[in-house]
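As structure tokens, the structure follows; a few thoughts come after it.
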DNA sequence: ATCGGTACCTGCACGC
DNA sequence: TGCGTGCAGGTACCGA
């Protein structure tokens with residue numbers, strides 16, 4: 200479900216929780232805790248205040264005061280919801296000094312973990328695509344022997360790009376998803392850099408893409424999906440040249456592209 | 001260090 | 001109506 204623009208939208212929607220206290224916590228699903236103990240986690244967060252909510256690519260880091268961090272990743276189907284009824288896929292309930300925050304995740308690919316300090320995984324991630332310089336972006340592509348699609352999906356290259364925005368960015372840049380990353384010339388890399396940033400900004404402005412069930416913490420859907428030019432449009436005419444959009448598997452993921460407009 | 005392949009879950013749309 | 005198949009915004013882990 201959620202890539203950088205969706206996670207950014209979720210983070211913005213839970214920003215009002217800053218300053219509130221976690222008065223009670225219940226964790227129900229072992230899988231999303233990734234080895235954490237439910238009762239221990241409840242004890243670690245209970246009584247603490249939400250000091251700050253931050254996004255690292257697709258990860259959410261909730262700073263607790265006086266100490267500690269709750270790291271949240273939404274996986275494919277994770278949702279943070281302000282209030283609302285808890286259902287069969289509600290895996291965590293945080294009772295706040297005002298309101299309730301639920302974690303819901305039908306496929307359980309997401310995760311909720313407590314850390315005493317900023318988790319190592321977050322430090323290993325690549326830079327934010329909206330903050331990285333072109334020189335750094337280009338330097339990171341050098342010598343890579345994988346497809347540009349796979350590289351864009353690699354969170355240690357840049358953080359936050361997923362399947363939708365990789366395909367949309369490659370279309371806008373006119374680059375074939377299977378082009379070898381390390382072979383892209385400076386000029387084409389420049390176009391890709393611009394395309395990634397443009398797509399992400401537009402998607403954030405649209406509140407993300409709601410393909411099936413993505414919603415922010417207030418239950419609002421995004422509408423960037425209506426601006427998708429290739430993702431989910433297999434067989435439809437390309438918006439530039441009218442030739443049919445194709446779908447192939449690259450890096451084990453569906454990749455949507457125009458064979459005429461996107462060159463290797 | 002880097003790369004490709006696999007595993008992890010549930011739900012939904014589809015064809016029969 | 002039910003059943004099998006394929007597909008889905010994700011990452012982690014394995015061996016080569």
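Numbering (the numbering used here), first residue to last: 200 to 463.
Backbone N, C-alpha and C fix where the C-beta goes; we use that ideal spot for every residue, glycine too.
Alpha carbon to alpha carbon, how far is residue 411 from residue 310? Give it in angstroms, no decimals.
Counted from its first residue, the first chain places residue 310 at position 111. Counted from its first residue, the first chain places residue 411 at position 212. So the two alpha carbons sit approximately 21 Å from each other.
Cα-Cα separation between residue 327 and residue 255, rounded to whole angstroms:
Start at 1 with the first residue of the first chain, and residue 327 comes out as number 128. Start at 1 with the first residue of the first chain, and residue 255 comes out as number 56. Looking at the two C-alpha atoms, the distance is approximately 7 Å.
Endpoints, the alpha helix (DSSP H) within which residue 258 is located:
Looking up residue 258 in the first chain gives position 59. Element bounds for residue 258: not the alpha helix (DSSP H) but the beta strand (DSSP E), 258 to 264.
Tell me which residue opens and which closes the alpha helix (DSSP H) that residue 207 is part of.
Here residue 207 refers to the residue found at position 8 of the first chain. Counting along the chain, the alpha helix (DSSP H) containing residue 207 begins and ends at 203 to 213.
Candidates 298, 331, 273 and 242: closest to residue 288 by CA position
One-based indexing of the first chain puts residue 288 at position 89. Nearest of 298, 331, 273 and 242 to residue 288, Cα basis: 273.
Taking residue 330 as the reference, which of 303, 348 and 359 has the closest Cα?
As a first step, residue 330 is located in the first chain; it is residue number 131 there, counting from the start. The shortest Cα separation from residue 330 among 303, 348 and 359 belongs to 359.
Contact under 8 Å by Cβ, residue 249 with residue 217
The residue given as residue 249 occupies position 50 in the first chain. The residue given as residue 217 occupies position 18 in the first chain. In this structure, residue 217 lies closer than 8 Å to residue 249 by Cβ.
Distance between residue 280 and residue 417 (C-alpha atoms, nearest Å):
The count along the first chain starts at 1 and reaches residue 417 at position 218. The count along the first chain starts at 1 and reaches residue 280 at position 81. Approximately 6 Å between the Cα atoms of the pair.
Among 297, 229, 319 and 276, whose alpha-carbon lies nearest the alpha-carbon of residue 270?
Numbered from its first residue, the first chain carries residue 270 at position 71. Measuring from the Cα of residue 270, the nearest candidate turns out to be 319.
In three-state terms, what does DSSP make of residue 379?
Taking the first residue of the first chain as position 1, residue 379 is located at position 180. Residue state, collapsed to three classes: strand.
Best match in 446, 244 and 414 for proximity to residue 206 [C-alpha to C-alpha]
Looking up residue 206 in the first chain gives position 7. Looking at the Cα atoms, 414 is the closest of the given residues.
Helix, strand or coil: which one does DSSP assign to residue 338?
Sequence index remark: in the first chain, residue 338 carries index 139 (1-based). Residue 338 falls in the helix class under three-state DSSP.
So the candidates are 419, 430, 361 and 277; which of them puts its Cα closest to the Cα of residue 211?
On the first chain, residue 211 is found 12 positions in, with the first residue counted as 1. Ranking the options by Cα distance to residue 211, first place goes to 419.
For residue 224, list the residues DSSP reports as bridge partners.
Here the question's residue 224 lines up with position 25 in the first chain. Per DSSP, 293.
According to DSSP, is residue 348 part of a helix, a strand, or is it coil?
The residue labelled residue 348 in the question sits at position 149 within the first chain. Helix.
Please classify residue 238: is it buried, with 16 or more other beta-carbons within 10 angstroms of its beta-carbon, or exposed?
Sequence index remark: in the first chain, residue 238 carries index 39 (1-based). Result: exposed.
So, for residue 467: in the same chain, excluding its five sequence neighbours on each side, which residues have a beta-carbon less than 7 Å away from its beta-carbon?
Because the chain here runs from 200 to 463, residue 467 falls outside it and cannot be looked at.
Taking the straight line between their C-alpha atoms, what separation do you get for residue 388 and residue 292?
Here residue 388 corresponds to residue number 189 of the first chain, with the count starting at 1. Here residue 292 corresponds to residue number 93 of the first chain, with the count starting at 1. Take the alpha-carbon of residue 388 and the one of residue 292: they are about 44 Å apart.
Residue 304 burial status per 10 Å Cβ neighbour count (16 or more: buried):
As a working mapping, residue 304 is identified with position 105 in the first chain. The residue is buried, with at least 16 neighbouring Cβ atoms inside 10 Å.
Suppose you measure from the CA of residue 376 to the CA of residue 363; what does that come to, to the nearest Å?
For the purposes of this step, residue 376 is taken as residue 177 along the first chain, with counting starting at 1. For the purposes of this step, residue 363 is taken as residue 164 along the first chain, with counting starting at 1. Roughly 12 Å between the two C-alpha positions.
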